[in-house]
Structure formats: structure tokens, C-alpha cells
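Have a look at the structure below before the remarks.
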Amino acid sequence: MARPEGKDSLNQIVNINSTWGIGRDGDLLCHIPEDMRFFKDMTLGKTVIMGRKTLESLPGGKPLPGRRNIVLTRALDKSLLQASASDPAKSPDSFADEHCADKACKDEDTELLYAKDIDMLFSLLPDDSSQVFVIGGESIYRLLLPFCDTFYVTKNDCPLEADTFYPDLDAEPGIELVCKSETRLHKDIHYSFLKYQRSAP
Ligand SMILES: NC(=O)c1ccc[n+]([C@@H]2O[C@H](COP(=O)([O-])OP(=O)(O)OC[C@H]3O[C@@H](n4cnc5c(N)ncnc54)[C@H](OP(=O)(O)O)[C@@H]3O)[C@@H](O)[C@H]2O)c1
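Under this note's numbering, the first residue of the sequence shown carries the number 488, and numbering increases by one thereafter.
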């Protein structure tokens, strides 16, 4: 599918292990507080795109507070179209809030929208695609890869075997690693922050 005019250069943000694994049994492989803070800082006040299963994987199945949440599902019905965010109290960011002094999230800045396909999704996006982050899971990362130019990847060495995977960006033509942080340690998990960029066509 061609990139819609003005709706390109979306961002992706993901946490992977050394096999490019991203999840297992509907949950993340590991929770690293600094990575959760990074995720929150990058996405707060912006639009996030996720698959229906990722929404359901969030505690309480609630959208992320302080963000415009767009959820892809083929099972779009009237009740979903009328759905709106109400109680963001049990979002993953609550975990970060408990563990780190961080920015507050306001209920009134939280929005939940649904899209049944890419066309509908793009009709809901703001003009400024730098404000849009694809946040998973596997099917949505893969679906939207061609529309994304910047990829924020937190890489860790969590040994758990994954059942969902991120595309191997090192093998992806036209996408290159542009920066990598030093390695950090949380408990027994080493991790680092990587940034990949699509090179000009
Ligand atoms: N490590 C990370 O950074 C990270 C981030 C996010 C998620 N995850 C993990 O990823 C896993 C979930 O990934 P997943 O691939 O199984 O599920 P997913 O991508 O979150 O959601 C899949 C659902 O999205 C909808 N969908 C997919 N393609 C669509 C399309 N073209 N048009 C409309 N709707 C579409 C469908 O919903 P319907 O069935 O309702 O039609 C599909 O069942 C979980 O373990 C989660 O914890 C990890």
C-alpha cells in the first residue's frame, strides 16, 4: 500500500530481547523501570497506535492515560465506536508513577478510538506524523513498518522464550542503526537504547 500523502514517517517504539522477542502469553517479557519512563516520556501527549490484543494486555484493558489511543480491530461495531476512555488509573504507567517521580497524566487528555483498517487509521492521524507512535503488538508493528521511518528499540537480554516477535531491523533493507546507548543493568537484565532510521529512498 502506498503511503498516504502527508501521513508518513510514523515512529515505532518497542522493547525486544536478543531474539527480537516482544511478548509471551499476552504480556511483555520484562518490565524495566527506566524503559517504562522512556516510553512514557516519548509518547505522553501524543497519538499511540496499537492492536486489540495489546490494548487487552494493558492492566484493566484500559488505554494509556494522557495520550490519544487508536486501536486496530477488524471487529469494529457501534459499541466500540462509541467507547471512550474513562478510568486510566490502572495503566502500565501507574507502575512507572509509583516507582519514579514523573510527569502526571490527566484524564481529560486521554482518548480511545478504534480503526478497522489502515485507511480508517490514517484518517484519524494528526498531520504531524512525528507525534504518532506505533506501540505494538507484533501484527501491528509488521503491518505499519512500511509507513515508519524511526524506530526506538530497547534491547535487553531477558532469557524468556517469546511467542511474539518484532521484525529483525538489522535484516531490513533501507533501515539502519543510527545510535546506541551504553549498556545498563536492572536486576539481572542488561539493556540498552537503540535508534534505527529508514535511510532516504
Ligand atoms: N515488547 C513490546 O514493546 C510490546 C509492545 C506491545 C505489545 N507487546 C506484546 O505483543 C503481544 C501482542 O501482539 P499480537 O501480534 O499478538 O497482537 P496485537 O498486534 O496487539 O493485536 C492483534 C489484533 O489487532 C487487530 N488487527 C491486526 N491487523 C489488523 C488490520 N490489518 N486491520 C484491523 N485490525 C487488525 C486484530 O484485532 P481483532 O482480532 O479484534 O480483529 C488482531 O487480532 C503481547 O504479548 C504484548 O504484550 C510487546
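We put the beta carbon where it would ideally sit given N, CA and C, even for glycine.
Near Gly-538, which residues of its chain fall below 6 angstroms by C-beta distance, leaving aside the five closest residues on each side in sequence? In the sequence shown, residue 538 corresponds to position 51, counting from 1. Counting only Cβ-Cβ distances below 6 angstroms, and skipping sequence neighbours, we find Leu-559, Gly-624, Ser-626, Ile-627.
Using C-beta distances below 8 angstroms, list every residue in its chain close to Asp-512, excluding the 5 sequence neighbours before and after it, in chain order. On the sequence shown, residue 512 is found 25 positions in, with the first residue counted as 1. For Asp-512, where only same-chain residues beyond five positions count, the Cβ hits under 8 angstroms are Asp-650.
With a Cβ-Cβ cutoff of 8 angstroms, do Tyr-683 and Val-621 count as a contact? Along the sequence shown, one-based indexing puts residue 683 at 196. Along the sequence shown, one-based indexing puts residue 621 at 134. It is not a contact, given that the beta carbons lie outside the stated cut-off.
Is DSSP giving Ile-605 helix, strand or coil here? Residue numbering aside, residue 605 sits at position 118 when the sequence shown is read from its first letter. Residue state, collapsed to three classes: helix.
Give the straight-line distance between the Cα atoms of Ile-500 and Leu-542, rounded to the nearest whole angstrom. Counting from 1 along the sequence shown, the entry for residue 500 is found at position 13. Counting from 1 along the sequence shown, the entry for residue 542 is found at position 55. Whole-angstrom Cα-Cα distance: 15 angstroms.
Can you have a look at Cys-666 and say buried or exposed, based on whether 16 or more other CB atoms are within 10 angstroms of its CB? The count along the sequence shown starts at 1 and reaches residue 666 at position 179. Looking at its Cβ environment, which holds fewer than 16 other Cβ atoms inside 10 Å, Cys-666 is exposed.
On a CA-only basis, which of Pro-654, Glu-648, Ile-662, Phe-609 is nearest Cys-517? Give me that one, please. Walking along the sequence shown from the start, residue 517 turns up at place 30. Nearest option by C-alpha distance: Glu-648.
May I have the straight-line CA-CA distance separating Glu-585 from Thr-506, to the nearest angstrom? Here residue 585 refers to the residue found at position 98 when the sequence shown is read from its first residue. Here residue 506 refers to the residue found at position 19 when the sequence shown is read from its first residue. With a pLDDT of 36 at Glu-585, under the threshold of 50, the modelled position of this residue cannot be trusted, and the question is left open.
Please classify Gly-547: is it buried, with 16 or more other beta-carbons within 10 angstroms of its beta-carbon, or exposed? Taking the first residue of the sequence shown as 1, we reach residue 547 at position 60. By the neighbour-count rule (16 or more Cβ atoms within 10 Å), Gly-547 is not buried but exposed.
Note down, in chain order, each residue of its chain lying with its Cβ closer than 6 angstroms to the Cβ of Asn-498, except the 5 sequence neighbours on either side. Taking the first residue of the sequence shown as position 1, residue 498 is located at position 11. The residues are Phe-620, Thr-637.
Exposure label - Gly-553; buried when at least 16 CB within 10 Å: By one-based count along the sequence shown, residue 553 stands at place 66. The residue in question, Gly-553, is buried, as its Cβ has 16 or more Cβ neighbours within 10 Å.
I'd like the list of long-range same chain contacts for Leu-611, defined as Cβ closer than 7 angstroms, with 5 residues on each side in sequence excluded. For the purposes of this step, residue 611 is identified with residue 124 of the sequence shown, where counting begins at 1. Once the five neighbours on either side are set aside, the close Cβ partners of Leu-611 are Ile-557, Leu-600, Ala-602.
Excluding the 5 residues preceding and the 5 following Phe-680 in the sequence, name in chain order all residues of the same chain whose CB lies nearer than 6 angstroms to its CB. As a working note, residue 680 is residue 193 in the sequence shown. Correct list, in chain order: Thr-641, Ser-668.
Supposed close pair Ile-519, Ile-676 - CB separation, criterion 8 angstroms: Counting from one through the sequence shown, the residue named residue 519 turns up at place 32. Counting from one through the sequence shown, the residue named residue 676 turns up at place 189. Contact flag correct, Cβ pair sits at about 7 angstroms.
May I ask you to report which of helix, strand or coil DSSP gives Arg-555? One-based indexing of the sequence shown puts residue 555 at position 68. It is a strand residue.
Exposed unless 16 or more other CB atoms sit within 10 angstroms - verdict on Thr-534: For the purposes of this step, residue 534 is taken as the residue at position 47 of the sequence shown. Buried.
Pro-550, buried or exposed, once every other Cβ within 10 Å from all chains shown has been counted against 16: Within the sequence shown, the letter at position 63 stands for residue 550. Classification for Pro-550: buried.
Taking 8 angstroms as the limit between beta carbons, can you name the residues of its chain near Pro-654, skipping five residues before and five after? Against the sequence shown, residue 654 aligns to sequence position 167. Once the five neighbours on either side are set aside, the close Cβ partners of Pro-654 are Trp-507, Tyr-628, Arg-629, Leu-632.
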